[in-house]
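Step one of this worksheet: look at the structure below.
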Amino acid sequence: MVEDRSLGSKLFNITNAILLGIIALITVLPFLHVIAASFTTSAELAAKKFVLFPTTWSFDAYRYIFSTDTILKAMGVSIAVTLGGTMWSMLMSTLMGYGLSRRDLVGRRYITFFVIFTMLFNGGMIPTFLVVQQTGLMNSLLALIIPVSINAFNMIILRSFFQNLPDGLEESAKIDGCNDFGILFRIVIPCSKPAIATISLFYAVTYWNTYMHAILYISDSSKWPVQVLLRQIVVLASGLNYDGAAYTDIPPPEQTVKMATIVVATIPVLLVYPFLQKYFAKGALLGSVKG
Amino acid sequence: MEPQLQGQVETLTKSQIRSARKKEIWKNIKKNKLIYLMILPGFIYFFIYKYIPMYGLVIAFQNYQPYLGITGSEWVGFEHFHRLFTGSDFWMIFRNTLVLFGLQLFIYFPIPIILALMLNEVRHHMYKRTIQTLIYIPHFMSWVVIVSVSFVVLTLDGGIVNGMLEYFGFQPINFLMNDSWFRPMYILQVIWREAGWGTIIFLAAISAVDPQLYEAARMDGANRIRQMWHITLPAIKSVIVILLILKIGDVLELGFEHVYLLLNASNREVGEIFDTYVYTAGLRQGQFSYSTAVGFFKGIVGLILIIFANRLAKKFGEEGVY
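Protein sequence lines, in the order shown, are assigned to chains A and B. With the numbering used here, letter number 87 in the first sequence gets 87, and the count goes up by one each step, no holes. With the numbering used here, letter number 40 in the second sequence gets 40, and the count goes up by one each step, no holes.
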């Protein structure tokens with residue numbers, strides 16, 4: 001394509017670039033502010049209100065939140081649920097996704113519909129709650145994993161990916177004496193790294209961000225994941241809670257402490273994000289086109 | 001006699017074909033038994049955690065008592081639905097759900113399209129990538145983080161926004177406890193979290209546009225804005241229409257977590273939606289049957305809307321979602 005080099009076009013480019021730059025800045029400024037403010041003193045934050053680079057560095061907020069093991073415990077829970085959950089979900093989704101990708105399978109369309117129907121209709125919160133209760137998962141970290149073992153959407157994406165692999169791969173493996181499990185684990189999975197990476201990351205982010213299931217199924221506060229603790233510290237301490245009871249008996253934590261808690265709850269996602277952005281985008285496209 | 005005979009022969013072959021087919025199917029199943037074994041764990045998962053709860057919906061027609069279970073509880077017919085539709089709460093939830101959905105449709109929906117159009121015009125590849133990287137970030141933050149960051153920025157207790165208001169001589173606003181700020185806050189957070197991520201699908205559609213079209217338009221003297229308007233936008237029209245239709249199928253899916261985190265005693269009148277209502281009535285107040293009825297109603301309406309939306313989407317010549 002020949003570039004348009006007229007003055008109007010150049011002006012357009014510049015304006016557009018500047019506008020987008022501003023939008024991107026507005027998007028990330030609140031996060032930057034929170035990160036910077038968590039590393040400064042309460043006094044500086046109170047005086048300046050907005051901090052992008054602390055003039056007086058202070059790790060007091062972090063010292064405070066790590067002075068008890070509450071946050072460490074919650075981090076431990078979140079990490080365990082994220083690692084365990086992602087592995088479990090990937091195993092379940094890959095097995096089912098690969099199974100359903102085999103075109104010669106009798107009844108495959110019925111089973112696929114069986115799965116897809118759950119995306120359109122479900123029992124809802126209360127009946128699901130009762131099933132989780134009756135399967136003995138209440139107050140167990142497994143309640144955050146087992147009831148969401150497979151995300152139907154993710155499984156379908158994996159299935160579509162497996163389906164598009166060349167058939168010759170499987171055939172040659174079969175001739176070499178591989179059974180179906182061998183084909184899956186030795187041939188198909190190694191050939192599907194981009195899809196596996198994308199879906200693993202989707203699962204990992206979901207597990208790290210898990211919140212609703214924790215408030216539904218976990219009442220023991222020592223088993224709370226980071227997200228629930230964050231809500232406790234920032235959202236509830238910011239005013240009334242949902243039931244109308246004021247949290248006046250507990251002094252609200254200092255602003256810098258809230259900021260530090262947010263940072264801690266976000267760090268894993270922030271660390272992983274830049275490296276894996278290309279996978280995320282590809283995966284989302286895969287999902288939106290194939291669905 | 002002859003036609004009868006013919007008939008017999010025909011049924012014979014039919015049944016033969018059928019049994020041959022059955023054999024074929026059995027052979028296939030036997031050959032694929034390992035594949036069925038792979039599907040089994042997933043199948044069991046969906047059965048237990050997705051289908052048994054669907055059966056559990058019958059408690060909407062009972063006075064469910066946990067110690068009596070589904071088989072022992074008393075049947076009450078449509079009593080809970082009657083209570084829902086005649087109660088004043090219903091209209092409050094219904095209105096709130098519709099308003100929040102309207103905000104999503106009219107305010108949020110166009111934004112990713114505009115952003116995608118703008119991003120597509122960026123000529124500098126690295127710059128484009130950087131912008132994309134930055135605006136995708138919030139999508140990966142949990143609602144708790146999004147709401148928490150908003151709260152520390154908006155709070156009366158030294159938040160930057162109120163600091164600025166005071167600096168410019170305005171009264172500080174209690175955004176978090178004020179019911180008139182609930183809706184603006186809700187939609188701004190939706191935009192913040194999802195607008196960037198929402199550009200992906202539009203950018204994909206744009207990338208399929210034939211570059212020759214732009215060249216031809218330039219020959220005809222179209223400037224950049226006119227090219228955008230007359231070529232890019234029409235090219236992605238079908239994607240826009242499909243997404244719009246599908247969005248309508250999702251009217252009731254506003255997100256429990258987000259709304260629940262924003263709710264407090266002072267904004268319940270404008271903020272309570274079906275999902276949060278089910279949670280409070282059911283799990284907080286222990287009205288299992290009543291709140292199951294509420295959830296059931298929501299589920300049925302949602303299902304109808306999705307099927308309707310999907311039909312409509314197919315009519316527009318696309319594959320639909322399922």
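Built from N, CA and C at the ideal position, the CB exists for glycine as well.
Output the distance between the C-alpha atoms of Val278(B) and Trp88(A), rounded to the nearest integer angstrom. 30 Å
Measure the alpha-carbon distance for Ile113(B) versus Ser200(A) and round it to whole angstroms. 28 Å
Given a threshold of 16 other Cβ atoms within 10 Å of its Cβ, counted over all protein chains shown, does Val115(A) qualify as buried or as exposed? buried
On the CB-based measure, 16 or more other CB atoms within 10 Å of its CB, does Thr55(A) come out buried or exposed? exposed
Nearest neighbour of Asn96(B), chosen from Thr133(B), Phe182(B), Gly169(B) and Ala313(B) [CA to CA]: Phe182(B)
According to DSSP, is Trp143(B) part of a helix, a strand, or is it coil? helix
Select from Tyr211(A), His33(A), Leu184(A) and Thr266(A) the residue whose C-alpha is nearest the C-alpha of Glu170(A). Leu184(A)
With a cut-off of 7 Å, does the C-beta of Arg224(B) fall near any C-beta of chain A? yes
So, is Ser38(A) buried or exposed, given that buried needs 16 or more other C-beta atoms within 10 angstroms? buried
Checking contacts by CB at 7 Å: is Leu11(A) closer than that to chain B? no
What are the residues that DSSP puts in a beta bridge with Asn310(B)? In DSSP, Asn310(B) forms no bridge with anything.
Whole-angstrom distance between Gly295(B) and Leu254(B), CA atom to CA atom: 14 Å
Throw me the rounded Cβ distance for the Ile146(A) and Ile39(B) pair, which I believe falls under 8 Å. Going by Cβ atoms, the distance from Ile146(A) to Ile39(B) rounds to 18 Å, so no, they are not a contact pair.
First and last residue of the alpha helix (DSSP H) that includes Thr86(A)? Thr70 to Ser101
Span of the alpha helix (DSSP H), counted from its first residue to its last, around Trp91(B): Ser88 to Leu103
Residues sharing a beta bridge with Thr118(A), DSSP: Thr118(A) is not bridged to any residue.
According to DSSP, simplified to helix, strand and coil, what is Trp26(B)? helix
Is the beta carbon of Thr135(A) within less than 6 Å of some heavy atom of the ligand MG? The ligand content of the structure shown is nil, which means the ligand MG is not present either.
Within the same chain, show all residues whose beta-carbon is closer than 7 Å to that of Ala210(A), passing over the 5 residues directly before and after it, in chain order. The amino acid occupying residue 210(A) in the given sequence is Thr; Ala does not appear at that position. Correct list, in chain order: Val81, Leu144, Pro225 and Gln227.
Using the rule of at least 16 other Cβ atoms within 10 Å of the residue's Cβ for burial, across every protein chain shown, is Ala20(B) buried or exposed? exposed
Indicate the three-state DSSP secondary structure (helix, strand or coil) for Glu253(B) in the structure shown. coil
Which one of Glu79(B), Phe81(B), Asn63(B) and His82(B) has the shortest CA to CA distance from Ser73(B)? Asn63(B)
Quick check: Ala195(A) and Leu229(A), are their CB atoms within less than 7 Å of each other? no
Could you tell me the boundaries of the alpha helix (DSSP H) in which Arg129(B) lies? His125 to Tyr136
Any beta carbon from chain A within less than 7 Å of Thr232(B)'s own beta carbon? no
State buried or exposed for Tyr279(A), treating a residue as buried only when at least 16 other CB atoms are found within 10 Å of its CB. buried
Presumed contact (8 Å Cβ cut-off) between Ile233(A) and Lys258(A), rounded CB distance: 6 Å
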